[in-house]
Amino acid sequence: MADEMIVFDNVHKRFGSKHILNGINLAVKKGETMVVIGRSGIGKSVTLKHLVGLVKPDQGEVWVDGKSVTRMPEWEVYEMRKRFGMLHQGGALIRSMTVGENVALPLREHDNYPESEIWKKVKEKLALVHLNEVEDMMPTILSGGMRNRVGLARAIIREPEIILYDEPTTGLDPIMANAINELVVDLKNKFGVTSIVVTHDMPGAFRIADRIAMLSKGKIIKIGSPQEFLETEDPVVKQFVFGEEEQTEGPIPESST
Amino acid sequence: MSLNFATLSKRSNAMLETAGHAILIIYESFLFLRSVWARRKEIVYQTYICLVGGFPVTMLVAVFVGMVMTFQIGVFLLRFGQESSIGSLVAVSMCRELGPVWTGVILAGLLGSKMAAEIGTMSVSEEIEALQVMAINPIRFLVMPRFIALCLVCPLLTAYADLVGIASGMVISAQILHVDYSAFMSNAREFLEFKDFWSGLIKSMVFAITIAAVGCSQGLRAEKGAEGVGIATMKTVVICCVMILLTDYVMGWFLMNFLGVGA
């Protein structure tokens, strides 16, 4: 328990009549990369949002470094969020700001760096996600994949302890997806970052994960190392992990979320 | 019958929720006044945008309000040979009522809707959530600067509308009622008190707070994509106009009974 950085303890969440999370139990150790997989719309992003206090559970608790996010007053939630970096689906960039201003935003709001230092860091982080000379561009003219990478640069600009990635490789070509996966591994190895990655990219998941958790019907149905997932005999997990054409007819119905 | 009651109860709950959220936004914006210096660039930018956006329309409307009022009241006064009182009537009604109310309505349409659309678009595209995750409070970052900008601009434009309205009334009274400028001004000066002017500015400050709170609140609560942003914008204009007229009456009564304005 002592080295567990993030704990979901029997978390339930309903939206209207839909029971999205039906008792999630998940623990992520400090410095670990946990990859969460599961079909679209199953509640993976909602699970991440619980961690940063954007969504409150109907039942159960979410713990970050021994403190319950569920019971924190709002000001403490804001303080806690400073330890996080989050890559949202599609980047969620502020469209009225340039790429550079977007990436610089967390630094400008929370640190007292001189302007020259801020721009140095912005360029450095953009280079890490393989983007150069884009600081003055507006997010609206970037491709989806580029926006995602700018979002990632913004998420890591303050070198946070915990990074949440919501589909980091969606919209990227395989070479760039591989580069981003390498970056996730590098951040873990160099800075000991604790990460939760929500993804559908199975090769990427096997590349970056210390452990993988699979979400189905509002519950974590399997947690284990990438090797354990490769060797699993569970038909539901097998169908998702090796989702070849001949295996679309499996225990997971096509319409299930 | 039970269905009607349920609908009524649902609607009144929604109204209470809307009002509660707007009041909460006013409260939180006041709490974040301590960050004024840190957000000074945005405050200056928003003030500039509000001024540039509001200035020409306010002038245009004030000119016509002054002209129409002078013409209509003047023609009536002519029947009784009382046209010499036109200066005081125009000046007092512009400063106490028409200047602040019309400026408020114009700014609700121009700036309240703009705030709702801007912030609403950010809400539906998850930009507000992204700000929150970056530990940036959207009230401090987006709402407070707009709040201050509107609180500065609304009284300023009201004072400007008062002057323009009186000036245009003066021209019409000279041209149509044959009351010359000096007669108009001396009559205005005789009856217009300083409290008529500042009571109008107090009203305009309250209108500014109302417009900013409703616009930002509707924007932050916008959902369901482009349609949601459209609804938030429409609601902002409607709620602001109703609230401006309602608070104008309540404040008029309060200012008269407790501060002797117009008594």
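Respectively, the protein sequence lines represent chains Y and L. Numbering follows the numbering used here, in which position 62 of the first sequence is assigned residue number 62; successive positions increment by one, without gaps. Converting from the second sequence to the numbering used here requires adding 1000 to each position, the first position being numbered 1. Idealized CB from N, CA, C, for every residue including glycine.
Buried/exposed call for residue i, threshold 16 Cβ in 10 Å
i       : result
Y:A26   : Checking the sequence shown, residue 26 of chain Y turns out to be Leu, not Ala. So Y:L26 counts as buried.
Y:I141  : exposed
L:V1250 : exposed
Y:G127  : The question names Gly, but residue 127 of chain Y in the sequence shown is Ala. Exposed: under 16 other Cβ atoms inside 10 Å.
L:S1093 : buried
L:L1016 : exposed
Y:N148  : buried
Y:D111  : exposed
L:W1253 : exposed
Y:D201  : buried
L:V1179 : buried
L:T1058 : buried
Y:P139  : buried
L:L1033 : exposed
L:V1036 : exposed
L:G1020 : exposed
L:T1047 : buried
Y:S17   : exposed
C-beta atoms of residue i and residue j nearer than 8 Å
i       : j       : result
Y:T169  : Y:I180  : yes
Y:G224  : Y:I212  : yes
L:G1228 : L:A1116 : no
L:G1081 : L:A1188 : no
L:G1165 : L:L1110 : no
L:K1010 : L:P1100 : no
Y:P57   : Y:V103  : no
Y:D210  : Y:L87   : no
Y:P160  : Y:G66   : no
L:S1084 : L:T1233 : no
L:A1154 : L:L1107 : The amino acid at residue 1154 of chain L is misidentified as Ala; the sequence shows Cys. For L:C1154 and L:L1107, yes; Cβs fall inside 8 Å.
Y:G60   : Y:D9    : yes
L:P1145 : L:R1039 : yes
Y:G218  : Y:L21   : yes
L:V1261 : L:D1196 : yes
Y:V236  : Y:I220  : no
Y:V55   : Y:K13   : yes
L:L1150 : L:A1208 : yes
Residue(s) in a DSSP beta bridge with residue i
i       : result
Y:A213  : Y:V36 and Y:I223
Y:N22   : Y:H12
Y:S68   : Y:W63
Y:K29   : Y:E4
L:T1058 : L:T1058 is not bridged to any residue.
Y:S195  : Y:T33 and Y:I163
8 Å CB neighbourhood of residue i in its chain, flanking five on each side removed
i       : result
Y:T257  : Note that Y:T257 scores 45 on pLDDT, short of 50, meaning its location in the model is unreliable; the coordinates nonetheless yield the value given after this. Once the five neighbours on either side are set aside, the close Cβ partners of Y:T257 are R39, S40, G41 and I42.
L:Y1181 : M1170 and A1174
L:A1226 : V1124
Y:G243  : M202
Y:R95   : M138, P139 and T140
Y:L183  : L128, V129 and L152
Y:F191  : E159
Close-in-space but distant-in-sequence residues of the same chain around residue i (CB under 7 Å, 5 per side omitted)
i       : result
L:T1210 : C1240, M1243, I1244 and T1247
Y:V44   : Contrary to the premise, residue 44 of chain Y reads as Lys rather than Val in this sequence. If we look at Y:K44 and ignore the five residues flanking it on each side, its Cβ neighbours are V36, G38, V198 and L215.
L:G1200 : C1095, R1096, G1099, P1100, T1158 and D1162
L:L1222 : In the sequence as presented, Leu is not what sits at residue 1222 of chain L; that position holds Ala. G1120, S1123, V1124, G1228, V1229 and A1232.
Y:A177  : T169, D201 and G204
Y:L93   : N102, P139, R147, V150 and G151
Residues near residue i by beta carbon distance below 6 Å, same chain, minus five either side
i       : result
Y:Y78   : none
Y:P106  : I157 and R158
Y:G100  : V122 and E135
L:M1122 : I1128
Y:S195  : T33 and I163
Y:W63   : V7
L:I1172 : M1067, T1070 and F1071
L:A1213 : A1022, I1025 and I1026
L:T1236 : G1112, S1113, A1116, V1214, G1215 and Q1218
L:I1148 : I1043
L:L1192 : A1091 and V1092
Y:T248  : At Y:T248 the pLDDT is 49, less than 50, meaning the model places this residue with poor confidence; the figure from the coordinates comes in the next sentence. None.
is_contact[residue i, chain C] using C-beta, thresh 8 Å
i    : result
Y:F8 : In summary, chain C is missing from the structure at hand, where the protein chains are Y and L.
The ligand MN heavy atom lying under 7 Å from the CB of residue i
i       : result
L:A1117 : Absence of the ligand MN from the depicted structure is noted, as is the absence of any ligand whatsoever, leaving it without description.
Handout entry: alpha helix (DSSP H) segments (min. 4 residues) lying fully within the segment 1145-1232 of chain L
Key = 1181-1191 and 1194-1220
Handout entry: Uninterrupted beta strand (DSSP E) stretches inside the segment 137-170 of chain Y (no shorter than 3 residues)
Key = 162-166
Practice task
Jot down the residue ranges of each uninterrupted beta strand (DSSP E) in the segment 75-110 of chain Y, minimum 3 residues, whole runs only, in chain order.
Solution key: 84-87
Handout entry: Segments assigned alpha helix (DSSP H), at least 4 residues, entirely inside the segment 1001-1087 of chain L
Key = 1002-1031 and 1040-1079
Practice task
Could I get the ranges of all uninterrupted alpha helix (DSSP H) runs contained in the segment 1121-1148 of chain L, with 4 residues as the minimum, in chain order?
Solution key: 1127-1133
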